[in-house]
Ligand SMILES: [Zn+2]
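Numbering (the numbering used here), first residue to last: 2 to 390.
Okay, structure coming up:
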């Protein structure tokens, strides 16, 4: 799978010209040459990314053990789009704990319907799919609705330079943008797009900007835009798309897998703080993200940087500012903020106050264990101190 021409840039649902990363770096003065992170395999059921497909398999089994359906093409799990250089050697629909699903298979405009009642190879339905052709597989059951498009043959051309120049100029003006400016941006981006691939990139980045502006306006509609932007931008490996996906992972609390952080990405510390993994070697990162950020997300980056610099006064000030300015929009924001506050209090030996903050995380799907362990040890310490000598 992938293209012989640009093997390192393209995987089953990624498209990119090999020179785009360098083009961005040379076009934009303040973009430092960054070593991009290896492409991630994204879970077809949520937005968690993994470097190793085996980890993705494990994640699906652990986190989505209930009813789910997804596709596997040439032994690789794919989400909504799959581009192949040669014919399909295998294509499976994987059913997890589902008795049966109805599937519509459309090959070059000819549709057939099949019912599958277990994980099934669909290869025999795709024999007419040849180079230059496209197949669309749609799960018709409403509860498990998903569509996979498989394209075989030459990749569509994609050059992000024109889009990125426009986007960077727009983003440099900050997140206080009028809806009319957003509309103009979308129109200009759409006018530049020459094919479906470029349309997808243009739409993805426009959705991202719109989502950030809506978050800044404290609109509850921002969530849908965030999700849409994430879906649209998943295949792209441009610097802007990567930064946008890191920002979206932070905003949407995608803490189970990996983010597409390069070695010097300004999101690397946040990824380490919330997702764990290997500690970044360079703790001080001065480069600021180029993508547009809402105020709260920008404060998170600053506060986490302060945390690793042991500048806890800065952390507490930013936490308190975030609370006072009421820019906390949803439980995701609140739990991120609580964890930051609790860890900073623990670091400054304010055990009692840290435990009081950790109490709010004892039900959290990811941080509950840390919270409970801290509270337990704080209680043990208290008992030891209180016990008669
Ligand atoms: Zn998942």
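Quick reminder that beta carbons are idealized off the backbone N, C-alpha and C, glycines included.
For ligand 1, residues qualifying as neighbours are 44, 46, 47 and 49, where qualification means a beta carbon closer than 5 Å to at least one of its heavy atoms (chain order).
Residue 217 counts as buried, since no fewer than 16 other beta carbons sit within 10 angstroms of its beta carbon. Where residue 211 is concerned, the enclosing alpha helix (DSSP H) starts and stops at 197-217. Annotated three-state conformation of residue 350 is coil, per DSSP.
Straight-line measurement puts the Cα of residue 346 at about 16 Å from the Cα of residue 377. Judged by their CB atoms, residue 230 and residue 203 are not nearer to each other than the 8 Å cut-off. Cβ-Cβ separation between residue 281 and residue 300: approximately 20 Å, too far for a contact (criterion under 8 Å). For residue 266, the closest C-alpha among the options 258, 289, 279 and 257 is that of 289. Per the C-alpha coordinates, the member of 61, 65 and 89 positioned closest to residue 74 is 89. Residue pairing of residue 307 in beta bridges, as defined by DSSP: absent, with no partner found. Residue pairing by DSSP places residue 147 opposite 140 in a beta bridge. The alpha carbon of residue 164 has as its nearest neighbour, out of 206, 39, 149 and 148, the alpha carbon of 206. If you check the CB distance, residue 342 and residue 320 come in under 8 Å.
For the alpha helix (DSSP H) assignment, the uninterrupted runs of no fewer than 4 residues enclosed by the segment 216-270 are, from N- to C-terminal side, 223-234 and 240-252. By alpha-carbon distance to residue 368, the top candidate from 257, 313, 318 and 102 is 257. For residue 179, there is no enclosing beta strand (DSSP E), since its DSSP letter is neither H nor E. Taking C-beta separations shorter than 7 Å and ignoring five residues to either side along the sequence, the partners of residue 103 in its chain run 114, 116, 141 and 142, following chain order. Secondary structure at residue 280: coil, using DSSP grouped into helix, strand and coil. Distance from the Cα of residue 253 is smallest, within the candidate group 309, 298, 65 and 292, for 298. Around the beta carbon of residue 334, 16 or more other beta carbons lie within 10 angstroms, which makes this residue buried.
Annotation: the segment 71-124 contains the following complete segments of the beta strand (DSSP E) (minimum length 3 residues), in chain order: 77-79, 82-85, 92-97, 102-108 and 111-117. The count of Cβ pairs closer than 8 Å, one atom from the segment 310-319 and one from the segment 237-244, stays below three, leaving the stretches out of contact. Judged by their CB atoms, residue 94 and residue 126 are not nearer to each other than the 8 Å cut-off.
Residue 156 and residue 263 have their C-alpha atoms spaced approximately 25 Å apart.
Rounded to whole angstroms, the Cβ separation of residue 372 and residue 365 is 7 Å, and the two are in contact under 8 Å.
Taking the C-beta atoms as reference points, residue 323 is found no nearer than 8 Å to residue 340. Following the DSSP letters along the chain, one finds residue 329 in no alpha helix (DSSP H), marked with neither H nor E.
For residue 370, the enclosing alpha helix (DSSP H) has its first and last residue at 369-387.
Distance between residue 312 and residue 305, taken at the CA atoms: about 10 Å. Sequence-distant Cβ neighbours of residue 279 in its own chain, meaning closer than 8 Å and more than five residues away, are 273. Counting only residues of its own chain and dropping the five nearest sequence neighbours on each side, residue 41 has a CB closer than 7 Å to the CB of 50, 51, 52, 259 and 261. Contact between residue 233 and residue 199 does not hold, since the beta-carbon distance rounds to 12 Å and is not under 8 Å.
Residue 87 and residue 72 have their alpha carbons spaced roughly 18 Å apart. In its chain, beyond the 5 residues on either side, 106 and 149 have a beta carbon closer than 6 Å to the beta carbon of residue 138.
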